[in-house]
DNA sequence: CCAAAAGTGTTCGAATTACACCCATGA
DNA sequence: TCATGGGTGTAATTCGAACACTTTTGG
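Residue numbers (the numbering used here), protein chains in the order written: chain A, 3 to 215; chain B, 3 to 215.
Structure representation (structure tokens):
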């Protein structure tokens with residue numbers, strides 16, 4: 003059972019003039035005249051982390067007048083899911099960034115805590131009805147990894163047999179011959195998400211729904 | 003079985019310079035320096051319709067650069083649910099406004115069709131897990147009215163017995179002595195939504211979930 | 001008295017849950 | 001050989017779906 007982590011940045015930009023309050027910050031930036039909201043979100047993520055092709059979704063727009071004491075700022079928040087494999091490879095040398103467990107988050111400035119909470123709730127709803135979980139895993143993953151992921155998101159334990167029964171009955175996973183041998187002597191089979199199968203089933207009225215235990 | 007209607011306004015404001023494209027428009031306006039997004043949404047709704055205290059929810063922010071050919075505009079859409087009883091009383095004399103069935107919508111300008119579609123999908127998800135349906139009904143309503151509402155939102159028929167069984171078992175409705183006698187000789191008992199019961203149950207881990215048939 | 005709408009229970013099958021042991025292997 | 005983590009089946013229960021008749025009353 004692992005936990006979700008939030009990537010925090012320290013003073014990457016300063017929309018606020020009150021420096022004492024600035025304890026931690028998300029990725030942030032200002033939109034340009036010639037780019038869409040989505041493009042701006044991708045640009046900022048890519049510019050500050052080097053990450054590309056990640057699952058990213060608009061979350062919510064925050065518009066209280068006093069949310070940033072330094073200036074009137076309206077922020078449209080996006081949440082990105084980063085593949086576990088990409089994290090260390092790409093983010094090691096980013097200055098001032100550090101991962102923080104969601105359950106032991108420091109005090110965040112402004113309304114950033116609300117942003118995190120809302121994004122997490124959205125994720126928990128999304129993941130029940132859409133296979134977004136696979137965005138967080140490497141191409142090849144074991145069922146144990148997949149279950150660990152779901153346990154982290156739901157913040158509770160799931161029965162192994164029921165979880166496997168349900169996910170496998172959907173026929174959207176492809177079992178590989180290869181085994182992951184790092185974490186156990188026996189080894190666990192790799193699977194991969196078969197997007198074509200998923201899309202085909204969906205056209206036939208199939209609904210992804212992973213609500214286990 | 004009735005249908006959802008969208009209230010359309012004609013040229014209330016003109017963010018576009020291309021008048022030929024302007025066929026219909028939602029309520030819209032610009033945010034002021036000293037108000038939040040929520041406040042602006044309420045102000046605009048109230049100013050243009052006279053309606054107050056309606057259920058209103060942020061939907062999504064639209065930010066494509068070319069979405070309005072006349073100017074760079076980022077729009078945060080809100081959707082409001084208006085009580086059936088309030089509609090005629092307050093909206094009769096609004097100039098240029100007319101109701102249009104959602105299933106026979108005219109061509110809308112810009113990305114407004116996407117806005118409607120997204121808002122409807124959000125509503126359909128919301129109404130399954132939150133008792134927002136009551137926002138659309140008068141204080142006192144019959145179970146038939148409530149069911150009609152759900153059938154309109156889901157766009158399908160629901161079994162009467164199963165619907166009543168489910169909604170009544172939640173213990174969030176209060177049966178009144180009074181009957182509605184307009185639509186039938188026998189008359190149908192009025193109910194009202196008991197918000198306190200709902201909040202109390204929710205604290206005890208109860209989840210509203212109305213997914214019938 | 002009858003048409004029209006409101007109201008009411010039961011049965012069946014499917015889906016979800018709970019639950020415990022064997023397997024493979026490297027050290 | 002044994003400790004460690006991976007993998008598997010079945011029974012009990014709950015939940016959702018299907019289904020048809022009785023009640024009330026104004027005209």
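Glycine included, C-beta positions come from ideal geometry on N, C-alpha and C.
Contact with chain A is absent for residue 119/B, since none of that chain's Cβ atoms lies less than 8 Å from the residue's Cβ. Using a CB distance cut-off of 8 Å, residue 212/B does not count as an interface residue toward chain A.
When Cβ pairs closer than 8 Å are counted between the two stretches, the stretch 116-128 of chain B is seen not to touch the stretch 162-177 of chain B, the count staying below three. Beta-bridge partners of residue 175/B (DSSP): 195/B.
DSSP places residue 83/A inside the beta strand (DSSP E), whose first and last residues are 77-83. Residue contact check for residue 74/B against chain A: a CB pair falls below 8 Å. At a cut-off of 8 Å between beta carbons, residue 31/A makes no contact with chain B. If you draw a straight line from the Cα of residue 135/A to the Cα of residue 191/A, it comes to about 18 Å. For the pair of segments examined, the stretch 64-74 of chain B was found not to touch the stretch 46-54 of chain B: the number of CB pairs separated by less than 8 Å stays below three. Residue pairing by DSSP places residue 210/A in no beta bridge whatsoever.
Per DSSP, the continuous alpha helix (DSSP H) segment holding residue 147/A begins and ends at 145-156. DSSP lists 82/B as the beta-bridge partner residues of residue 58/B.
Interface annotation for the stretch 43-75 of chain A against chain B: 60, 62, 63, 65, 66, 67 and 74, criterion Cβ-Cβ distance under 7 Å. No Cβ of chain B is located within less than 8 Å of the beta carbon of residue 184/A.
Classified as exposed, residue 131/B has fewer than 16 neighbouring CB atoms from the shown chains inside 10 Å of its CB. Bridge pairing for residue 182/A: 190/A [DSSP].
Between the C-alpha atoms of residue 164/B and residue 125/B there is a straight-line separation of about 22 Å.
For residue 29/B, no alpha helix (DSSP H) run applies, since DSSP gives it neither H nor E.
The C-alpha of residue 137/B lies about 28 Å from the C-alpha of residue 76/B. DSSP places residue 204/B in the helix class (H, G or I) of the three-state scheme. The C-beta of residue 77/B comes no closer than 8 Å to any C-beta of chain A. Under the three-state reduction of DSSP output, residue 142/A falls in the strand class.
Neighbours of residue 38/A in chain B, taken as residues at a C-beta separation under 7 Å, are given in chain order as 65, 66 and 67. Leaving aside the five residues that flank residue 161/A on each side, the residues in its chain whose CB is nearer than 6 Å to its CB run, in chain order, 215. Assignment of beta-bridge partners to residue 63/A by DSSP yields 78/A. Using a Cβ-Cβ cut-off of 7 Å, residue 35/A is close to 74 of chain B, given in chain order.
Closest in alpha carbon position to residue 151/B, among 212/B, 109/B, 40/B and 199/B, is 212/B.
For the pair residue 74/B and residue 37/A, the CB atoms are not nearer than the 8 Å cut-off. In this chain, the alpha helix (DSSP H) harbouring residue 43/B covers 39-51.
With a cutoff of 8 Å on beta-carbon distance, residue 195/B and residue 133/B are scored as near each other. With contacts defined by Cβ atoms closer than 8 Å, residue 61/B and residue 44/B do not form a contacting pair. Rounded to whole angstroms, residue 33/A and residue 39/A show a C-alpha spacing of 7 Å. Assigned with DSSP and collapsed to three states, residue 135/A falls in helix. Looking only at 142/B, 84/B, 158/B and 78/B, the smallest Cα-Cα distance to residue 31/B is reached by 78/B. Between residue 155/B and residue 129/B, the gap from beta carbon to beta carbon is short of 8 Å.
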